[in-house]
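Participant: Protein chains in written order, with my numbering: chain A, 3 to 503; chain B, 3 to 503.
Protein chains: 2
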Amino acid sequence: MQLQEARSQLSALQAKMFAYRHALGLISYDGATTAPKNTAANRARTLPVLSGEVYRLATGPETVSLLEFLDAHRDELTAKEQRQVFLLLKDLRFMQKIPMDEFLAYRRLLVESDDVWHRAKAADDFASFAPYLEQIFDAKKRFAAYAAPEKDPYDYWLNEYETGLDRRTCDAFFAAVHAGVVPLLKKVLAAPPVSDACLLGDFPEPEQEALAYYLMDLIGLDRGHVGLSTTEHPFTTSLGSHFDTRITTHYYRGNVSYSLFSVVHEGGHALYETGCADDLAYTVLDGGVSMSIHESQSRFYENLIARSLPFVRTIFPKVQELFPQQMAGVTAEDFWKAVNKAQPSLIRTKADELTYCLHVMVRYELEKRLMAGDLAVPDLPAAWNALYKEYLGVDVPDDTRGVLQDSHWGGGMVGYFPSYALGSAYGAQILARMKETVDVDACLARGDLKPINDWNREHIWQYGKLYPPQELLERVLGGPFDPGYYVRYLEEKYTQLYGLR
Amino acid sequence: MQLQEARSQLSALQAKMFAYRHALGLISYDGATTAPKNTAANRARTLPVLSGEVYRLATGPETVSLLEFLDAHRDELTAKEQRQVFLLLKDLRFMQKIPMDEFLAYRRLLVESDDVWHRAKAADDFASFAPYLEQIFDAKKRFAAYAAPEKDPYDYWLNEYETGLDRRTCDAFFAAVHAGVVPLLKKVLAAPPVSDACLLGDFPEPEQEALAYYLMDLIGLDRGHVGLSTTEHPFTTSLGSHFDTRITTHYYRGNVSYSLFSVVHEGGHALYETGCADDLAYTVLDGGVSMSIHESQSRFYENLIARSLPFVRTIFPKVQELFPQQMAGVTAEDFWKAVNKAQPSLIRTKADELTYCLHVMVRYELEKRLMAGDLAVPDLPAAWNALYKEYLGVDVPDDTRGVLQDSHWGGGMVGYFPSYALGSAYGAQILARMKETVDVDACLARGDLKPINDWNREHIWQYGKLYPPQELLERVLGGPFDPGYYVRYLEEKYTQLYGLR
């Protein structure tokens, strides 16, 4: 094979993969947004055909010889091509190590499991879900043993979601956060409470939607390439490339803040995706590099930006304009306090910025124990409830609002939760770094996010998956990651908000 | 090859094709409904990859030998399998006769042409579109010559859209309709005019949407399998199988009737699609058999059902409930007259039931002449305007409202227009046949469409593409098609409506 021909085959292979991912992604997105409700079985016939073809493209003999040829000539490739070959070979090696029948059985298990989880959650019936969870954790252990027999299986999966991550780094990170947040929360709960009454009331959907579009424009999303729909649970997805990105939200008529911050959170993901350099499109380097870096952007915009006082002051006139009666007598400062009220609670996705990481910590501890064999699935609900009591001081009334609340484990996502907390902490240090050259508060006060977005694009977004996440992060931060930034950010914010001393 | 194995390969081949068609259909549907506006280039990268795979599935050497093997054993196949093999071989033979480079060039031409047409229509610039139209008509002639050198090229394409159709049958059909409609229209225009003022005013979208869902339920669509979205031009599409069908509408705030009848029209298509026998799903026999039969159902529900007096009486209380101010002082009979007002006009898709077929006739005449070489593309606008004057008595003020109004020719659909008029005429005879055993007016008066739908399902819908359209039609009608039913239906209706003598 000639190198030049191999390079163009590499490019054609990736373009083809992205066409299939476009179709697969759109079918899922359609299922969550627009599809009539009894059409899941129809999609279930199409998905395996298309994902089977992606599998064939990724692992077929032509691909194997192409990638091996290119790997042997790696010194003659550009940095981008080297990284493409590396990532494609990484997937290939993993797939080669997992027996095909076990892999297919696992895919079927996940489809069933997701369905059982939905019903178990609705019926508060953990027992019906437990056998699936056991099989999923079993598969996770087995696959890790196939892929990296020398590694602890939980370390293997942590590293899969965030290269370089293991229990040691997670333990140290969560210990630092725990040490900072728990005493801070104690002080907050002892202070005079903040009211969030102005967020609750009657907020019709058309006005909430108008607010969502206003926010999309304000944070700098290009609506020619980023769409907004509604779903039960908000998410972001790119279809075929970063040129077509969709965010979703959910409007609760009784609460104005849920959709507001969902849109900014998902908007942060979408800014990251669409900010990727255009020449990475239709290659495996397109889009965000890891979940932690992705969350560092989504939670950056949601919390560090949108829950800040200058940003709230900027958007509050729009909120008042859309909801004049509901906001009568409310000031921007009241609204700012309301959207930052800290209150231990049961549901992670509705938690405030301060207690959020405690929710994540519960999940981290439990999946660590499950993967180590120190905890059996039938004992999981009791362990969950005990940790909620210990970390958050709340009593879990049922499994629906307890261990069944998240879809992750039932979807095979084990080792994923830490990225939420890590992302928040990365974001705080990124903000500190950004503030060395950008007057962030002044930008927010005048409602001009361009300097902020330009900084993130220059340092993070444009690179897609070109650098491993930890390398990218160190480049951005100009040094190692330090959770102290996050703890200090929370301390300063909540001290000001609650008038602590 | 063993027959049993070949049969299961036949089934697997079709299932796979439907997975790809699901993806392709959804990507187009998404582009028309939900996708952000600057994402067409992204879709344009995915579509050729997937349609290339459909082409490979339909024409690859494995498929060729499979179909030839099955065709040689056709006596051992079930009737359904025989028909599947016949339809798959028909497509295969066509594709084998067209040189691949010409076919691909034609596909690219259509993508460009559609774009040019949109811009030409907006700018009233026929000249920019003319070269594309010339190339399209050229390709249609060439392809017909490749596929059936013994046939007249226009006859070839008429037969493609409706097996058995040719210029001779079309000429006779349109002559009969012309002879009936033109004098009837003259009488109508001489009678005291009917007012459609109650349809015009301010009709907010949420109420129009509520009316759309009410109508979907009333006509018996299963919303678990049929979705509703909005697009510039209403259409119906099934994704992957008849189990997932989507209709679209367009709400004009100033006009309550456009969406109302669009929803019933597209609903008729969707009833036909979703009424297909479930065991035909994931085979080439799924869904409607031809455009004429499809239009016989859509226009049946739109006109024969929904514009009838008993149906209007049934829905009018709902219209009044949703639009109490707009409908103050209006009776069901006023509303019925308004939605049936006959008035020669410029735009086919907004034409009334009586003048509609004259719009189709203009297009039939022109494409016949273009295909025969009796008319050159540059002379098309003048010929269009002359026929509008002759058939409808209207002066066409510009090409935007004239020859550029429809997307069909620019999309390569030549020989398609007659199906609209044929479908209307089939519908009238189907209704007469149905009335032999179903008291249609009584059903409509009590808002119960089940007996009507059951009849259509039993006689038409369930068969999918199992029978050729003309054979299906003769089975339904219990004899040959006779356009006299259509003419008499129009005469009776408009005589009553306008009080003619």
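Even glycine gets a Cβ: it sits at the ideal position worked out from N, Cα and C.
Need the endpoints of the beta strand (DSSP E) that A/V179 sits in, please.
Facilitator: Walking along the first sequence from the start, residue 179 of chain A turns up at place 177. No beta strand (DSSP E) holds A/V179; the alpha helix (DSSP H) holding it covers R169 to A192.
Participant: Can you tell me which of the three DSSP states A/I249 falls into?
Facilitator: Your numbering for residue 249 of chain A matches position 247 in the first sequence. Note: A/I249 maps to strand in three-state DSSP.
Participant: Tell me the rounded alpha-carbon separation between A/Y496 and A/D281.
Facilitator: In the first sequence, the residue the question calls residue 496 of chain A occupies position 494. In the first sequence, the residue the question calls residue 281 of chain A occupies position 279. If you take the alpha carbons of A/Y496 and A/D281, they lie about 42 angstroms apart.
Participant: Considering only the beta carbon of each residue, do A/L15 and A/L59 sit closer than 8 angstroms?
Facilitator: As a first step, residue 15 of chain A is located in the first sequence; it is residue number 13 there, counting from the start. As a first step, residue 59 of chain A is located in the first sequence; it is residue number 57 there, counting from the start. Yes.
Participant: Identify which residue in A/T285, A/R448 and A/W411 has its Cα closest to the Cα of A/F88.
Facilitator: Here residue 88 of chain A refers to the residue found at position 86 of the first sequence. When only C-alpha atoms are compared, the closest one is A/T285.
Participant: Indicate whether at least one CB of chain B lies closer than 8 angstroms to the CB of A/H227.
Facilitator: Within the first sequence, the letter at position 225 stands for residue 227 of chain A. It does; some Cβ of chain B falls within 8 angstroms.
Participant: How big is the Cα-Cα spacing for B/K142 and B/R503?
Facilitator: Mapped onto the second sequence, residue 142 of chain B falls at position 140. Mapped onto the second sequence, residue 503 of chain B falls at position 501. Computed Cα separation, rounded: 47 angstroms.
Participant: Using three-state DSSP, classify A/Y469 as helix, strand or coil.
Facilitator: Residue numbering aside, residue 469 of chain A sits at position 467 when the first sequence is read from its first letter. Looking at A/Y469 - three-state DSSP - the assignment turns out to be coil, as it is neither helix nor strand.
Participant: Rounded to a whole number of angstroms, what is the C-alpha to C-alpha distance between B/Q498 and B/L186?
Facilitator: Counted from its first residue, the second sequence places residue 498 of chain B at position 496. Counted from its first residue, the second sequence places residue 186 of chain B at position 184. The alpha-carbon atoms of B/Q498 and B/L186 are separated by roughly 12 angstroms.
Participant: B/G413 to B/Q137, Cα distance in whole Å?
Facilitator: Sequence index remark: in the second sequence, residue 413 of chain B carries index 411 (1-based). Sequence index remark: in the second sequence, residue 137 of chain B carries index 135 (1-based). Each residue's alpha carbon lies about 12 angstroms from the other.
Participant: Could you spell out where the alpha helix (DSSP H) holding A/S426 opens and where it closes?
Facilitator: Counting from one through the first sequence, the residue named residue 426 of chain A turns up at place 424. Note, A/S426: alpha helix (DSSP H), P420 to M436.
Participant: Could you tell me whether the Cβ of B/I100 comes closer than 8 angstroms to any Cβ of chain A?
Facilitator: Position 98 of the second sequence, counted from the start, is the residue given in the question as residue 100 of chain B. For B/I100, the answer is no, since every Cβ of chain A falls outside 8 angstroms of its Cβ.
Participant: Quick check on DSSP: helix, strand or coil for B/V291?
Facilitator: The sequence position of residue 291 of chain B within the second sequence is 289, counting from 1. In this structure, B/V291 counts as coil in the three-state DSSP scheme.
Participant: Using beta-carbon positions only, say whether A/F205 and A/Q328 come within less than 8 angstroms of one another.
Facilitator: Numbered from 1 along the first sequence, position 203 holds the residue referred to as residue 205 of chain A. Numbered from 1 along the first sequence, position 326 holds the residue referred to as residue 328 of chain A. Yes, the Cβ-Cβ distance between A/F205 and A/Q328 is below 8 angstroms.
Participant: Runs of 4 residues minimum, wholly inside the region 30–113 of chain B: which ones carry the alpha helix (DSSP H) assignment?
Facilitator: Runs found: 42–61, 63–74 and 81–99.
Participant: Kindly identify the DSSP beta-bridge partner or partners of A/L220.
Facilitator: Within the first sequence, residue 220 of chain A is the residue found at index 218, counting from 1. Looking at the DSSP assignment, A/L220 forms no beta bridge with any residue, so it has no partner.
Participant: Under a CB-based cut-off of 8 angstroms, is B/A192 close to chain A?
Facilitator: Along the second sequence, read from residue 1 onward, the residue named residue 192 of chain B stands at position 190. Output row for B/A192: interface = no.
Participant: Taking only three categories from DSSP, how would you classify A/T165?
Facilitator: Sequence index remark: in the first sequence, residue 165 of chain A carries index 163 (1-based). The answer is coil: DSSP assigns A/T165 none of H, G, I, E or B.
Participant: Please name the residue or residues paired with B/V228 in a DSSP beta bridge.
Facilitator: Looking up residue 228 of chain B in the second sequence gives position 226. Answer is B/T247.
Participant: Run the CB neighbour count on B/H235, radius 10 Å, all protein chains shown included, and call it buried at 16 or more, exposed below.
Facilitator: Position 233 of the second sequence, counting from 1, holds the residue named residue 235 of chain B. B/H235 is exposed by the Cβ-count criterion.
Participant: B/S243 touches chain A at which residues, Cβ-Cβ below 7 angstroms?
Facilitator: For the purposes of this step, residue 243 of chain B is taken as the residue at position 241 of the second sequence. By Cβ distance, chain A contributes N44.
Participant: Nearest-angstrom Cα distance between B/Q472 and B/Y428?
Facilitator: Counting from one through the second sequence, the residue named residue 472 of chain B turns up at place 470. Counting from one through the second sequence, the residue named residue 428 of chain B turns up at place 426. Distance between the alpha carbons of B/Q472 and B/Y428: 11 angstroms.
Participant: Taking Cβ positions only, does B/R47 come closer than 8 angstroms to chain A?
Facilitator: Locating residue 47 of chain B in the second sequence gives position 45, counting from the first residue. Cβ-Cβ to chain A under 8 angstroms: yes for B/R47.
Participant: Quick one: is A/P346 near chain B, going by C-beta distance under 8 angstroms?
Facilitator: Residue 346 of chain A sits at position 344 when you count from the first residue of the first sequence. For A/P346, the answer is no, since every Cβ of chain B falls outside 8 angstroms of its Cβ.
Participant: Based on Cα-Cα distance, which residue from A/K339, A/T402 and A/V440 lies nearest to A/A199?
Facilitator: In the first sequence, the residue the question calls residue 199 of chain A occupies position 197. The residue with the shortest Cα to Cα distance from A/A199 is A/K339.
Participant: Is the Cβ of B/I29 closer than 8 angstroms to any Cβ of chain A?
Facilitator: As a first step, residue 29 of chain B must be located in the second sequence, where it is residue number 27. Answer yes: the Cβ-Cβ gap between B/I29 and chain A drops below 8 angstroms somewhere.
Participant: Listing by chain order, which chain A residues have their CB less than 7 angstroms from the CB of B/V51?
Facilitator: Within the second sequence, numbered from 1, the residue matching residue 51 of chain B stands at position 49. Per Cβ cutoff of 7 angstroms: K18 and A21.
Participant: Is A/R169 closer than 8 angstroms to A/Y156 when the C-beta atoms are compared?
Facilitator: The residue given as residue 156 of chain A occupies position 154 in the first sequence. The residue given as residue 169 of chain A occupies position 167 in the first sequence. Cβ atoms of A/Y156 and A/R169: closer than 8 angstroms.
Participant: Tell me the residue span of the alpha helix (DSSP H) that contains A/S240.
Facilitator: Numbered from its first residue, the first sequence carries residue 240 of chain A at position 238. Taken as a continuous stretch (DSSP letters only), A/S240 belongs to no alpha helix (DSSP H), being part of the beta strand (DSSP E) at T238 to S240.
Participant: Please name the residue or residues paired with B/N387 in a DSSP beta bridge.
Facilitator: In the second sequence, residue 387 of chain B corresponds to position 385, counting from 1. According to DSSP, B/N387 bridges with nothing at all.
Participant: Can you tell me where the alpha helix (DSSP H) holding A/F313 begins and where it ends?
Facilitator: Residue numbering aside, residue 313 of chain A sits at position 311 when the first sequence is read from its first letter. Unbroken alpha helix (DSSP H) run through A/F313: L311 to L324.
Participant: Going by C-alpha to C-alpha distance, which of A/H75, A/A374, A/L94 and A/K82 sits closest to A/T65?
Facilitator: As a working note, residue 65 of chain A is residue 63 in the first sequence. Closest by alpha carbon: A/L94.
Participant: For a contact meaning CB atoms closer than 7 angstroms, what does B/P38 contact in chain A?
Facilitator: Numbered from its first residue, the second sequence carries residue 38 of chain B at position 36. Neighbours of B/P38 on chain A, chain order: R225, G226, H227, V228, G229 and D246.
Participant: What residues in the region 258–288 of chain B have a beta carbon less than 9 angstroms from any beta carbon of chain D?
Facilitator: Any reference to chain D falls outside this structure, whose protein chains are A and B.
Participant: Using DSSP with H/G/I as helix, E/B as strand and the rest coil, what is A/Y22?
Facilitator: Translated into the one-based positions of the first sequence, residue 22 of chain A becomes position 20. A/Y22 falls in the helix class under three-state DSSP.
Participant: Is the beta carbon of B/E268 closer than 8 angstroms to that of B/S300?
Facilitator: Translated into positions along the second sequence, residue 300 of chain B becomes position 298. Translated into positions along the second sequence, residue 268 of chain B becomes position 266. Going by C-beta atoms, B/S300 is nearer than 8 angstroms to B/E268.
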